[in-house]
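To keep things clear, I will list the structure first and then write my remarks on it.
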Amino acid sequence: MEFNEDIRKIDKLIILKNAGIKFIRGFLLRLFLKKSKGFLWVGKRVTVTHGRLINCGKNVKFEDYSEIHGLSKDGLFFEDNVTISRGVMIRPSSYYGGDLGEGLLIGENSSIGPLGYIGCSGKIKIGKNVMFGPKCSLFAENHVFSDVTSEIKNQGVSNKGIVVEDDCWIGSGVTILDGVTIGRGSVIGAGTLVTKNVPSGSVIIDKRSKVMRLR
């Protein structure tokens, strides 16, 4: 572990102590996962269910209060150096088994920012080196409401899935809806609602998914 040269010794010791506790939690959690290749770091009060459907690469981090619900058709895959930040919820399915979602794949060196929500009832694929800011939400599901004579909750859902390609930066508070693909190397500004596909290398800074310019 490398430290910034300006960090005092006492603070280094605190960091090492906290990391050690996370390492021990991760070592224990590995016993209940389908696969874990290397070190797994687990913060306090992390909730993991259906671990037999969860696959982790090296140096995966589940930070404090995150919730990872593994129940899904394809499982959850976290590749090397993925970080799931504090308070993130990953939910492919209902807690009580009424709906079974598709699952999630997050590529190497990608991170989900604090308090994010990943609703992967439809398949969600996130590429390598993708950064999500705090409070981002992905909803890979849409309620069917075409029949005006029937209640919406009884008409079922559609699941097209979401793809975020490599090397994207998704700003704080972004919402990505079902059926969207965000092309490689794109930047999505804070607070944007993304409802349609984004071409590779785009910069989007408003709430109508309008391409403002190319990088």
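Heads up: the sequence shown begins at -9 in the numbering used here, then just goes up one per residue. Yeah, the Cβ is synthetic: ideal placement off N, Cα and C, and Gly gets one too. Keep in mind it's a predicted model, so treat the numbers as computed, not measured.
Return the residue from the list the options that minimises the CA-CA distance to residue i.
i, options, result
"residue 45", "71, 88, 0 and -4", "71"
"residue 124", "181, 43, 23 and 58", "181"
"residue 29", "73, 58, 43 and 38", "73"
"residue 153", "81, 56 and 167", "167"
"residue 142", "185, 150, 133 and 65", "133"
"residue 113", "81, -3 and 105", "81"
"residue 121", "115, 100 and 136", "100"
"residue 148", "160, 135 and 158", "135"
"residue 105", "58, 178, 111 and 116", "58"
"residue 34", "51, 66, 47 and 26", "51"
"residue 151", "-3, 175, 187 and 14", "187"
"residue 119", "144, 103, 108 and 155", "155"
"residue 31", "24, 8 and 25", "8"
Any idea which residues DSSP pairs residue i with across the strands?
i, result
"residue 116", "96 and 154"
"residue 188", "172"
"residue 254", "Examination of residue 254 is not possible in this model, given that the chain is present from -9 through 205 alone."
"residue 144", "Partner(s): none; residue 144 has no beta bridge."
"residue 107", "79 and 127"
"residue 73", "51 and 101"
"residue 4", "Answer is none; residue 4 lacks a bridge partner."
"residue 139", "Per DSSP, none; premise fails for residue 139."
"residue 65", "93"
"residue 24", "Answer is none; residue 24 lacks a bridge partner."
"residue 122", "160"
Does residue i pass the burial test, meaning 16 or more other C-beta atoms within 10 Å, or should it be called exposed?
i, result
"residue 63", "exposed"
"residue 5", "exposed"
"residue 88", "exposed"
"residue 43", "buried"
"residue 83", "buried"
"residue 10", "exposed"
"residue 249", "Past the edges of the chain, shown from -9 to 205, lies residue 249, and the structure says nothing about it."
"residue 61", "buried"
"residue 12", "buried"
Determine the direct distance from the alpha carbon of residue j to that of residue i, and round the result to whole angstroms.
i, j, result
"residue 92", "residue -5", "45 Å"
"residue 78", "residue 162", "13 Å"
"residue 68", "residue 131", "21 Å"
"residue 183", "residue 169", "13 Å"
"residue 41", "residue 54", "18 Å"
"residue 19", "residue -7", "27 Å"
"residue 16", "residue 192", "38 Å"
"residue 95", "residue 1", "35 Å"
"residue 140", "residue 157", "43 Å"
"residue 38", "residue -1", "34 Å"
"residue 129", "residue 110", "7 Å"
"residue 159", "residue 127", "14 Å"
"residue 47", "residue 137", "45 Å"
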